Amino acid sequence: MENALRACCKGIKIGKILIHGEGNNGRQLIYEKLPADIASRHVLLLDPVLASGNSAVKAISLLLSKGVPESNIIFLNLIAVSHSSLYSVAEVSFLSCLWNSSFEIQAPEGIHAVCKMFPRLKIVTSEIDVSLNKDLRVLPGMGEFGDRYFGTDNGCATLKHQPKDT
Numbered sequence: 001m002e003n004a005l006r007a008c009c010k011g012i013k014i015g016k017i018l019i020h021g022e023g024n025n026g027r028q029l030i031y032e033k034l035p036a037d038i039a040s041r042h043v044l045l046l047d048p049v050l051a052s053g054n055s056a057v058k059a060i061s062l063l064l065s066k067g068v069p070e071s072n073i074i075f076l077n078l079i080a081v082s083h084s085s086l087y088s089v090a091e092v093s094f095l096s097c098l099w100n101s102s103f104e105i106q107a108p109e110g111i112h113a114v115c116k117m118f119p120r121l122k123i124v125t126s127e128i129d130v131s132l133n134k135d136l137r138v139l140p141g142m143g144e145f146g147d148r149y150f151g152t153d154n155g156c157a158t159l160k161h162q163p164k165d166t
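Each residue of the sequence shown is one higher than the last, beginning at 1 in full-length UniProt numbering.
Below, the structure written as structure tokens:
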């Protein structure tokens, strides 16, 4: 996602946040390097998959601790998870987390977890999948994004859903 951003936004300042989760240790901040003036900027937070929302919450919390206003953060991802059938993909290509009185949180996953904690945040996604499996993999999903992107899938992360031939 970073290469595409650099290609269309020449000269943009880019920071890095590395958050890793393994086993029951939760999400750990491994590395961060952000522009010194980040508090005065609008921030595009890039993460290919919004699954449980745990990494996103950690990253957004870090940005807030650096002085970035919540309303200045736009969270961009390719796939997001929501148990709710309240949204169609067309409705959530741009999702503002501002709640209205008729909206009820139906699942603690992904979109709902992030929006519950950060109601002024904006999310832009291209696809919404319906759930996570016990290993917190997106279903029907594409497996582990990093393994697919870097070609390191060892066969353990298999797709649970195969498209039907039409």
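Glycine included, C-beta positions come from ideal geometry on N, C-alpha and C.
It should be emphasised that the depicted structure is a prediction, and the values quoted were computed from it without experimental measurement.
Beta bridge counterpart(s) of Phe75 as assigned by DSSP: Here residue 75 is taken as the residue at index 75 of the sequence shown, counted from 1. In DSSP, Phe75 forms a bridge with Leu45 and Ile123.
Relative to the C-alpha of Gly67, which candidate in Leu29, Ile19, His42 and Ala56 has its C-alpha closest? For this step, residue 67 is matched to residue 67 along the sequence shown. Nearest of Leu29, Ile19, His42 and Ala56 to Gly67, Cα basis: His42.
For the beta strand (DSSP E) containing Gln30, name the first residue and the last one. Taking the sequence shown and counting its residues from 1, one reaches residue 30 at position 30. Here residue 30 turns out to be Ile, not Gln, going by the sequence shown. Segment Arg27 to Lys33, the beta strand (DSSP E) holding Ile30.
For Leu50 and Val114, believed in contact at Cβ under 8 Å, the rounded distance: By 1-based counting over the sequence shown, the position of residue 114 is 114. By 1-based counting over the sequence shown, the position of residue 50 is 50. Going by Cβ atoms, the distance from Val114 to Leu50 rounds to 7 Å, so yes, they are a contact pair.
Tell me the DSSP secondary structure of Gly110 in three-state form. For the purposes of this step, residue 110 is taken as residue 110 along the sequence shown, with counting starting at 1. It is helical.
Nearest neighbour of Val35, chosen from Gln28, Lys16, Arg120 and Ser52 [CA to CA]: Here the question's residue 35 lines up with position 35 in the sequence shown. The sequence as given places Pro at residue 35; Val does not occur at that position. Nearest of Gln28, Lys16, Arg120 and Ser52 to Pro35, Cα basis: Lys16.
For Glu2 versus Ile14, is the C-beta distance shorter than 9 Å? Residue mapping note: residue 2 aligns to position 2 of the sequence shown, counting from 1. Residue mapping note: residue 14 aligns to position 14 of the sequence shown, counting from 1. Yes, they are a contact pair.
Taking the beta strand (DSSP E) that Lys16 belongs to, which residues open and close that run? As a first step, residue 16 is located in the sequence shown; it is residue number 16 there, counting from the start. Counting along the chain, the beta strand (DSSP E) containing Lys16 begins and ends at Lys16 to Gly21.
Cβ neighbour criterion (16 or more within 10 Å) applied to Gly11: Counted from its first residue, the sequence shown places residue 11 at position 11. Exposed is the call here.
If you run the structure through DSSP and keep just helix, strand and coil, what is Ile12? Position 12 of the sequence shown holds residue 12. Coil.
So what's Ala80 in DSSP terms, helix, strand or just coil? Counting from one through the sequence shown, the residue named residue 80 turns up at place 80. The answer is strand: DSSP assigns Ala80 an E or B state.
Please go through the same chain and pick out, in chain order, the residues whose beta-carbon is closer than 8 Å to the beta-carbon of Cys8, but skip the five residues on each side of it. Start at 1 with the first residue of the sequence shown, and residue 8 comes out as number 8. Nothing meets the Cβ criterion.
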